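Numbering of the sequence shown is given in the UniProt record's numbering, commencing with residue 1 and proceeding in unit increments. Glycine included, C-beta positions come from ideal geometry on N, C-alpha and C. The structure displayed is predicted, hence computed values, not measured ones. Here the structure is laid out as structure tokens; the discussion comes afterwards.
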Amino acid sequence: MSKGPLGSGRNPEGGDAREEAGTLGLGSVEHLVLVAPTASGKSEIALRAAEALGDIEIVSIDSMQVYRGMDIGTAKVDAEARERVPHHMIDVIDPWQVWSVQQFQIEARKAVADIESRGKRALLVGGTGLYVQAVIDDLRFPGEDLVLRAEIEARTAEPGGIAAAYERLLAADPLAASRIDPHNVRRIVRALEVIEKTGEPFSSFGPGLDRYGATAFPVRIAGLWLSRDVTALRIHERFDAMRVGGLVDEVRALRAEPRGWSRTARQAIGYKELEEVLDMERDLENSSETELDSAFVDAFETAKRRTRSFSRRQRMWFRRDPRITWFGAVEKIEDTTPALLAWWGAA
Numbered sequence: 001m002s003k004g005p006l007g008s009g010r011n012p013e014g015g016d017a018r019e020e021a022g023t024l025g026l027g028s029v030e031h032l033v034l035v036a037p038t039a040s041g042k043s044e045i046a047l048r049a050a051e052a053l054g055d056i057e058i059v060s061i062d063s064m065q066v067y068r069g070m071d072i073g074t075a076k077v078d079a080e081a082r083e084r085v086p087h088h089m090i091d092v093i094d095p096w097q098v099w100s101v102q103q104f105q106i107e108a109r110k111a112v113a114d115i116e117s118r119g120k121r122a123l124l125v126g127g128t129g130l131y132v133q134a135v136i137d138d139l140r141f142p143g144e145d146l147v148l149r150a151e152i153e154a155r156t157a158e159p160g161g162i163a164a165a166y167e168r169l170l171a172a173d174p175l176a177a178s179r180i181d182p183h184n185v186r187r188i189v190r191a192l193e194v195i196e197k198t199g200e201p202f203s204s205f206g207p208g209l210d211r212y213g214a215t216a217f218p219v220r221i222a223g224l225w226l227s228r229d230v231t232a233l234r235i236h237e238r239f240d241a242m243r244v245g246g247l248v249d250e251v252r253a254l255r256a257e258p259r260g261w262s263r264t265a266r267q268a269i270g271y272k273e274l275e276e277v278l279d280m281e282r283d284l285e286n287s288s289e290t291e292l293d294s295a296f297v298d299a300f301e302t303a304k305r306r307t308r309s310f311s312r313r314q315r316m317w318f319r320r321d322p323r324i325t326w327f328g329a330v331e332k333i334e335d336t337t338p339a340l341l342a343w344w345g346a347a
């Protein structure tokens, strides 16, 4: 659990990652990155660190917090926290809009460049390795084939289609499959689209997925490490709090939006499981209230289980990156922060 060396990396087309960042005005300061699995307390630690360091603005590296109206289920920091420290890449688009990791990469880098242009440092906070690496590393994304994508989506819509699609991905690109939730239709379809379009493994695009070299702009990366038992408990407590806090009503509101709810947004764990219950709620209303409550309880338990699986994949992804300096996260968040501050303060 030590800091790894930064090597020299170039993209598949021969250009240097820093060239693109340079056009945005990045490179004059070293920015900070905090990675950790879901429910690790990283958002609170980032807030405390930003206030202590003084010259920091936070950039959320979360594929779902960009959506307005998806607040409870994505565990967004509240308005009071955003008043204390400016946060970027939260509430960027509406829930009916479709967004890609490439669009996220572009906008997040612009946010970092804006922060740097004002003489401050960015603290990038995230738990999904693909999105973190898309922003800080030299990832390039293959083009889209919407016709091919529609064909693959049609196949996945058939009975057993999602499982069959994941099996095809597992056979064609085991590395990519190991990093994708078997229930995440959007990412499975995208991976198969790229494989069928290019004839190359989805995991081969961008050296950052399996090779760790120079980042697109200077960063110092810290990671929070929790035991699986502690992580599982925090996930359990988070979903219980989300249920009490009104997540079911939040999903109802998103479903009622006249302009719809995009296929990318509705893939978020928690939302997806509750939507399945709401799809059959009319039939369940003819049953007892107890049966309906039981269906919601089952949905939350399924979301907890899928989040635990997602957390394991997050841990596996980040463990491969030798550039991360790891800090053991403890039960009390305030006890973790001093070591991070000492290390980041030297940046």
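Label residue i either buried or exposed according to how many other C-beta atoms from any shown protein chain fall within 10 Å of its C-beta, with 16 as the threshold for buried.
i             : result
glutamate 57  : buried
glutamate 273 : buried
leucine 146   : exposed
residue 356   : With the chain covering 1 to 347 only, the question about residue 356 has no answer from this structure.
serine 178    : exposed
aspartate 249 : exposed
alanine 122   : buried
valine 84     : The identity of residue 84 in the sequence shown is arginine, whereas the question assumes valine. By the 10 Å Cβ count, arginine 84 comes out exposed.
glycine 127   : buried
aspartate 240 : exposed
glycine 129   : buried
valine 98     : exposed
glycine 119   : exposed
serine 43     : buried
Give me the Cα-Cα distance between residue i and residue j, rounded to the nearest whole angstrom.
i                 : j              : result
glutamate 291     : leucine 139    : 47 Å
phenylalanine 296 : glycine 245    : 14 Å
leucine 175       : alanine 108    : 26 Å
glutamine 105     : leucine 124    : 12 Å
glycine 270       : serine 227     : 23 Å
aspartate 94      : leucine 254    : 10 Å
alanine 150       : alanine 299    : 28 Å
aspartate 293     : glutamate 144  : 42 Å
isoleucine 235    : lysine 304     : 6 Å
glycine 328       : isoleucine 152 : 42 Å
methionine 70     : leucine 247    : 9 Å
proline 5         : alanine 256    : Below a pLDDT of 50, predicted positions are generally treated as unreliable, and proline 5, at 27, falls in that range; no measurement from the model is reported.
valine 135        : proline 142    : 16 Å
threonine 264     : threonine 337  : 34 Å
proline 182       : alanine 36     : 21 Å
glycine 345       : valine 185     : 42 Å
aspartate 321     : tyrosine 212   : 7 Å
For residue i, report the span of its alpha helix (DSSP H) as first-last.
i             : result
glutamate 250 : 247 to 255
glycine 129   : 129 to 136
serine 227    : Per DSSP, serine 227 belongs to no alpha helix (DSSP H) and is neither H nor E.
serine 117    : 101 to 117
arginine 121  : Taken as a continuous stretch (DSSP letters only), arginine 121 belongs to no alpha helix (DSSP H), being part of the beta strand (DSSP E) at 121 to 126.
aspartate 91  : Counting along the chain, aspartate 91 falls outside any alpha helix (DSSP H), and DSSP gives it neither H nor E.
Looking at the secondary structure, which residues open and close the beta strand (DSSP E) in which residue i lies?
i              : result
arginine 320   : Arginine 320 -> no beta strand (DSSP E), and no H or E assigned at all.
isoleucine 45  : Per DSSP, isoleucine 45 belongs to no beta strand (DSSP E); it is in the alpha helix (DSSP H), 42 to 53.
valine 33      : 31 to 35
valine 59      : 56 to 61
glycine 260    : Segment: none, glycine 260 is in no beta strand (DSSP E) and carries neither H nor E.
tryptophan 326 : 325 to 328
Compare the C-beta of residue i against all C-beta atoms of chain D and say whether one is closer than 9 Å.
i         : result
valine 59 : Any reference to chain D falls outside this structure, which holds one protein chain only.
For a minimum of 3 consecutive residues, which ranges assigned as the beta strand (DSSP E) are wholly contained in the region 140 to 218? Contiguous beta strand (DSSP E) elements confined to the region 140 to 218 do not occur, taking only those with 3 or more residues.
Contact the region 59 to 67 vs the region 75 to 90: 3+ CB pairs below 8 Å: The region 59 to 67, when compared against the region 75 to 90, does touch it at the 8 Å Cβ threshold.
Are the region 186 to 198 and the region 305 to 321 in contact at 8 Å, needing three or more beta carbon pairs? Result no; under three Cβ-Cβ pairs closer than 8 Å.
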